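Below: one structure, written as structure tokens.
Residue numbers (the numbering used here): 237 to 590.
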């Protein structure tokens with residue numbers, strides 16, 4: 237069998253090592269590639285490449301470039317990979333909130349202007365959606381029968397590294413970019429009314445304008461900003477392992493990788509169902525609603541009253557749930573269950589060109 241995989245070479249490239257391989261994008265691409273290699277030969281392309289005239293049994297592609305590649309080539313079976321909730325709905329929400337808060341629209345963090353969500357969904361025989369039932373519910377009902385939820389995982393070898401760190405009653409917020417989509421405005425609104433004597437929040441991630449200014453204006457000393465830290469570094473592992481809790485009030489996701497990292501580090505998350513994490517894991521998190529800072533402060537103050545034994549029990553249950561639902565073995569099983577029936581049917585039909 238011959239497959240074509242279209243993803244991001246800056247995150248995963250089978251021919252060389254890349255600096256962003258430990259990000260969720262790189263991990264997902266690498267594990268998709270490994271699985272497809274077990275089924276046959278794989279031709280790999282970056283999402284920015286536009287190959288033409290290809291013929292193969294299976295095409296698996298990141299949703300941004302999926303429709304372009306489908307239209308220019310012939311594939312017997314086509315599988316789109318969505319790593320975000322419904323993009324049109326996500327854009328509407330973020331446009332509204334950017335205007336309301338007078339902050340820039342994070343266009344770079346959403347599909348490009350030429351992305352056609354409707355065409356992508358119609359061209360896909362199946363869709364792999366990284367997320368949970370909340371993520372699925374953002375898509376129109378007519379498309380849901382072809383959508384299969386999948387869970388991914390962290391690099392288990394990296395997060396299993398032994399490291400002695402004292403854990404204190406502090407919190408961590410981690411994202412590649414601290415911004416609108418990741419609920420950073422909630423973070424500022426919540427923590428400006430928490431006294432540093434009550435709790436401290438470690439913020440990890442790029443702080444681009446205007447968020448650096450907004451943090452400076454609202455911070456009362458309860459937030460410690462570290463900037464971006466490589467998630468594969470000992471410094472990042474040590475910081476997360478030093479925190480008892482994670483505060484991750486994200487607004488728009490597929491499935492939040494830094495939440496999985498926080499659980500792997502032993503943090504108890506306060507987060508939203510929007511995070512996309514499997515519901516069996518969310519059952520042991522403290523779930524809050526986006527854009528409700530008063531509720532967030534109540535949750536923060538509540539977990540600070542928990543005994544060490546209660547925290548240990550919660551941490552153990554979180555890890556058990558992650559080991560059951562968020563492993564690369566589970567990811568492979570979920571992808572295989574969605575794609576294998578397509579391959580069986582594809583043997584009975586010629587490759588199709590749109």
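Glycine residues also receive a C-beta, built at the ideal position from the N, C-alpha and C atoms. Predicted, not measured: the structure shown is a model, and the values here were computed from it.
Exercise. Residues bridged to residue 562 by DSSP?
Worked result: Answer is none; residue 562 lacks a bridge partner.
Problem set entry | residue 429 CB to nearest heavy atom of the ligand NAD below 6 angstroms | What this structure holds is no ligand at all, so the ligand NAD is not there to describe.
Problem set entry | Classification of residue 565 by the beta-carbon crowding that lies within 10 angstroms, buried from 16 upward | Burial is judged here by how many other beta carbons sit within 10 angstroms of a residue's own beta carbon; residue 565 has fewer than 16 and is exposed.
Exercise. Secondary structure at residue 316, three-state DSSP: helix, strand or coil?
Worked result: The answer is strand: DSSP assigns residue 316 an E or B state.
Problem set entry | For residue 380, the nearest candidate out of 402, 393, 357, 399 (CA to CA) | Looking at the Cα atoms, 357 is the closest of the given residues.
For this session: Taking residue 349 as the reference, give the member of 394, 300, 372, 391 with the closest Cα.
Result: Closest by alpha carbon: 300.
Exercise. The alpha helix (DSSP H) with residue 362 in it runs from where to where?
Worked result: Segment 362-366 is the beta strand (DSSP E) holding residue 362; no alpha helix (DSSP H) there.
Exercise. Got a sec, what are the start and stop residues for the alpha helix (DSSP H) residue 470 sits in?
Worked result: In the DSSP annotation of this structure, the continuous segment of the alpha helix (DSSP H) that includes residue 470 starts and ends at 470-477.
Exercise. What whole-angstrom Cβ distance do residue 409 and residue 440 have, given they're in contact under 8 angstroms?
Worked result: 7 angstroms between Cβ atoms; contact.
Exercise. Apart from the five residues on each side of it in sequence, which residues of its chain come closer than 6 angstroms, Cβ to Cβ, to residue 568?
Worked result: Answer for residue 568: 271, listed in chain order.
Problem set entry | Own chain residues within Cβ distance below 6 angstroms of residue 264, not counting five before or after | Closer than 6 angstroms at Cβ, skipping near neighbours: 388.
Exercise. So residue 423 and residue 347 are in contact, right, with Cβ under 8 angstroms, and what is the actual spacing, rounded?
Worked result: Not quite, the Cβ-Cβ distance comes to about 25 angstroms (not below 8 angstroms), so this is no contact.
Problem set entry | the stretch 526-543 / the stretch 570-584 touching (three or more Cβ pairs under 8 angstroms) | At 8 angstroms Cβ cutoff, the stretches do not touch.
Exercise. Residues in its own chain within less than 6 angstroms of residue 353 by CB, not counting five upstream and five downstream?
Worked result: Within the same chain, residue 353 has close Cβ partners 323, 324.
For this session: Please work out which residues of its chain come closer than 8 angstroms, Cβ to Cβ, to residue 266, disregarding the five sequence neighbours upstream and downstream, and give them in chain order.
Result: Once the five neighbours on either side are set aside, the close Cβ partners of residue 266 are 248, 257.
Exercise. Quick one, which of 476, 554, 395, 298 has its alpha-carbon nearest residue 402's?
Worked result: Of the candidates 476, 554, 395, 298, the one whose C-alpha sits nearest the C-alpha of residue 402 is 476.
For this session: For residue 543, name the three-state secondary structure that DSSP assigns.
Result: In the three-state reduction of the DSSP assignment, residue 543 falls in the coil class.
For this session: Inspect the beta-carbon positions of residue 437 and residue 465 and report whether they are closer than 7 angstroms.
Result: No, Cβ-Cβ distance for residue 437 and residue 465 is not below 7 angstroms.
For this session: Report the three-state DSSP secondary structure of residue 262 (helix, strand or coil).
Result: Here residue 262 sits in helix by DSSP.
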